[in-house]
Each structure stands twice: as C-alpha cells, then as structure tokens.
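**Q** Starting off with a structure, shown below.
Residue numbers (this note's numbering), protein chains in the order written: chain U, 30 to 221; chain W, 410 to 502.
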C-alpha cells in the first residue's frame, strides 16, 4: 500500500527543504488491460509531464508498485515499442529510477519461488495465472526484462534504486539482476 | 518475520488462490479507496493540494501531492505507477 508510504516520504523531504510533487499513474490492471495497455498509459502520462507541464526530465524520478512497468518505460524510451507510436527522445529519460520488487522473469524458475513460498503474499500459481491473463503467449524484452542482456540494461536505465524483500518470491531474480547489472557497470567504469 | 506478517501473507495467498483475477483487482482497488479516504481525513497542510485527479487525458492519473513549486522551473516530480481496476470508481471527495 503505497499512498501512506508516499505521504511519509513527502513529509520527510519537506523536512529537509526538498519540495516534490507526487504523481500517481493509475494504470489499468490485467485482465482488463492486456499488454501493452499499461505501457501505453505510462508513455502518455510521461509525455504529459514533459510536454503539457514542461517538467524537466532531470527532475523526474520514476518508480512504481510495478517495477516491470517502470522498466518497460525506460526500454520504450531506448527502443520504442512497435504498438506505441509515441517516441520519447533518449535525452528526455527520467533522471532516476526506483524498482520496487520488480517482476523480472515470468518463467518462475529461481529457487526463491520455492524457498519463500510460505512467506510471500503471492503464489507461483497465482503469478502464472496473472502473467497469462496479462500477456498471453507473448514473451519479449518488454514483458520479461531478464531476457535482455545486462549490457543493454546498463545503457537503458538511469541511476536506479532497487528495493526487494528477503522473503519474497522474486528475491533471486532481483538479486541476479542487480549483481549482473553492477558487474557490467563497474566493468564499464573500469574501461572508461 | 512477525507472526502477524506471517498470518497476513497466508490469508492473502488463500484469497489470491480462491478469488478470480477480476475479484483480486477489485479487492485491491477497494482497499486503495479506503486508504485514500483515510488520507483525506488526515491532511498534512491546507497549503498543499492532495489527491487532485488529472482530467482530459488518455490515462488515469492523480496528483497524490501537488506541491506549490510544481509550476516553477526546476520543479521535482516523483512519478509512481500504481495499478487499479477501472470498474471500481475511485472518488476523492
């Protein structure tokens, strides 16, 4: 439940004289909204902030209950989705990214899907059903971020904060994503 | 993990298994609606706009907090993606 968390964050930022507005995109959940409905809504909302409100992308942080959708938006900015005609230039990428328990791969094969099965709110059965209702048989770099290379992700993402629970089903996928991304980024820094 | 958290997770798993996908999203949205009501009842300050819906766009969005710096150059914005079921109408007043 993110509303109270966000208000708390807002209060804390106010205390250190860092005013910020918080915009919630209420994207349509599956099964009502099939893939890529959510990405289309996210792209329109982001474009609204840039064009209608003239917000400088250097001052925009993007995150969400759905870390997967956050990743989809960054990917779309890098390589526009074929079904979404709005192109956002790379220079207008949000300055920072927050991934909260991102759902990175819908194969559900990592050990934490078994070891944390009695702790998480969700079950693998439930996740598989939701994934199937959302994207059908589609499996691409937008729907399953772990299918893309880490080299690619290191180019796509802005500085990113990843938040994950120790006892959640996604834990191992998230850990793999972070560790590999960090390796690629440090290797690149070493080469520069 | 506390006992309370453990029970909460178990009850959720039970519900998610036994409810249909449509029922899950409706429940999720209804819980949000209740939280929103609570926020409105405990507003932090009258100088700041809370829960202002964005109208006339092809997406559904709200300003959870609209700081008075938003119209100024250099305004900072946190964009948060949050799923809802559109068949449940959220009302903010």
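All residues carry an ideal CB built from backbone N, CA and C; glycine is no exception.
Any idea what DSSP makes of residue 129 of chain U, helix, strand or coil?
**A** In this structure, residue 129 of chain U counts as strand in the three-state DSSP scheme.
**Q** Taking residue 148 of chain U as part of the beta strand (DSSP E), name the residues at either end of that continuous run.
**A** Where residue 148 of chain U is concerned, there is no enclosing beta strand (DSSP E), given that its DSSP letter is neither H nor E.
**Q** Which same chain residues, not among the five before or five after residue 49 of chain U, have their C-beta less than 8 Å away from its C-beta?
**A** So the list reads 39 and 42, once near-sequence residues are dropped.
**Q** Under a CB-based cut-off of 8 Å, is residue 412 of chain W close to chain U?
**A** Not an interface residue.
**Q** Can you pull out the residues from the segment 467–480 of chain W whose beta carbon lies closer than 7 Å to at least one beta carbon of chain U?
**A** Answer in chain order: 467, 468, 469, 470, 471, 472, 473, 474, 475, 476, 478 and 479.
**Q** So is residue 473 of chain W buried or exposed if we call it buried at 16+ other beta carbons inside 10 Å?
**A** So residue 473 of chain W ends up on the buried side.
**Q** Return the chain-ordered list of same chain residues with a C-beta closer than 7 Å to the C-beta of residue 79 of chain U, the five sequence neighbours on each side being excluded.
**A** Only 86 and 121 meet the Cβ criterion.
**Q** Taking 8 Å as the CB-CB cut-off, is residue 77 of chain U touching chain W?
**A** Chain W, which has a Cβ nearer than 8 Å to the Cβ of residue 77 of chain U, makes this yes.
**Q** Pull up the distance between the alpha-carbon of residue 498 of chain W and that of residue 439 of chain W, whole angstroms please.
**A** Note that residue 498 of chain W scores a pLDDT of 48, beneath 50, so its modelled location is shaky; the value from the coordinates is reported in the next line. Computed Cα separation, rounded: 9 Å.
**Q** So, do the segment 96–113 of chain U and the segment 180–191 of chain U have three or more beta carbon pairs nearer to each other than 8 Å?
**A** Taking 8 Å as the limit for Cβ pairs, the verdict is that the segment 180–191 of chain U does touch the segment 96–113 of chain U.
**Q** Where does the unbroken alpha helix (DSSP H) through residue 99 of chain U begin, and where does it stop?
**A** Start and end: 96–107.
**Q** Taking the C-alpha atoms as reference points, what is the distance between residue 459 of chain W and residue 52 of chain U?
**A** Roughly 10 Å separates the two Cα atoms.
**Q** At 3 residues or longer, what runs of the beta strand (DSSP E) sit wholly inside the segment 33–70 of chain U?
**A** Taking only runs of at least 3 residues, the beta strand (DSSP E) segments lying wholly in the segment 33–70 of chain U are 50–57.
**Q** Does residue 37 of chain U pass the burial test, meaning 16 or more other C-beta atoms within 10 Å, or should it be called exposed?
**A** Counting Cβ neighbours within 10 Å, residue 37 of chain U comes out exposed, since fewer than 16 surround it.
**Q** Residue 492 of chain W to residue 55 of chain U, Cα distance in whole Å?
**A** Roughly 5 Å between the two C-alpha positions.
**Q** Taking 8 Å as the threshold, find out whether the segment 412–430 of chain W comes into contact with the segment 154–169 of chain U through three or more Cβ pairs.
**A** Yes: at least three Cβ pairs fall under 8 Å.
**Q** Helix, strand or coil, according to DSSP, for residue 154 of chain U in the structure here?
**A** In the structure shown, residue 154 of chain U sits in a helix (DSSP, three-state: H, G or I).
**Q** Would you mind sorting residue 485 of chain W into buried or exposed? The rule is 16 or more other CB atoms within 10 Å of its CB.
**A** Residue 485 of chain W is buried by the Cβ-count criterion.
**Q** Rounded to whole angstroms, what is the Cα-Cα separation between residue 126 of chain U and residue 190 of chain U?
**A** Cα to Cα, the separation comes out at about 6 Å.
**Q** Could you name the residues of chain W that residue 70 of chain U contacts, counting a contact when the two beta carbons are closer than 8 Å?
**A** The contacting residues are 467, 468 and 469.
**Q** How many Å lie between residue 501 of chain W and residue 220 of chain U at the Cα?
**A** Since pLDDT at residue 501 of chain W reaches only 46, below the 50 mark, its modelled position is unreliable, and the value read off the structure follows with that caveat. If you take the alpha carbons of residue 501 of chain W and residue 220 of chain U, they lie about 52 Å apart.
**Q** What residues of chain U sit near residue 464 of chain W, judged by a beta carbon separation below 9 Å?
**A** By Cβ distance, chain U contributes nothing, its closest Cβ being about 11 Å from residue 464 of chain W, past 9 Å.
**Q** Rounded to the nearest angstrom, how far is the Cβ of residue 58 of chain U from that of residue 434 of chain W, given a contact under 8 Å?
**A** Confirmed, Cβ separation roughly 4 Å.
**Q** From what residue to what residue does the alpha helix (DSSP H) around residue 420 of chain W run?
**A** Residues 412–427.
**Q** Roughly how many angstroms lie between the CA atoms of residue 413 of chain W and residue 423 of chain W, to the nearest whole one?
**A** Near 15 Å, if we compare the C-alpha coordinates of residue 423 of chain W and residue 413 of chain W.
**Q** What three-state label does DSSP hand residue 137 of chain U in the structure shown?
**A** DSSP places residue 137 of chain U in coil when its eight states are reduced to three.
**Q** Which residues of chain U have a Cβ atom closer than 7 Å to the Cβ of residue 442 of chain W, listed in chain order?
**A** Within chain U, no residue comes near residue 442 of chain W; the closest Cβ sits about 10 Å away, beyond 7 Å.
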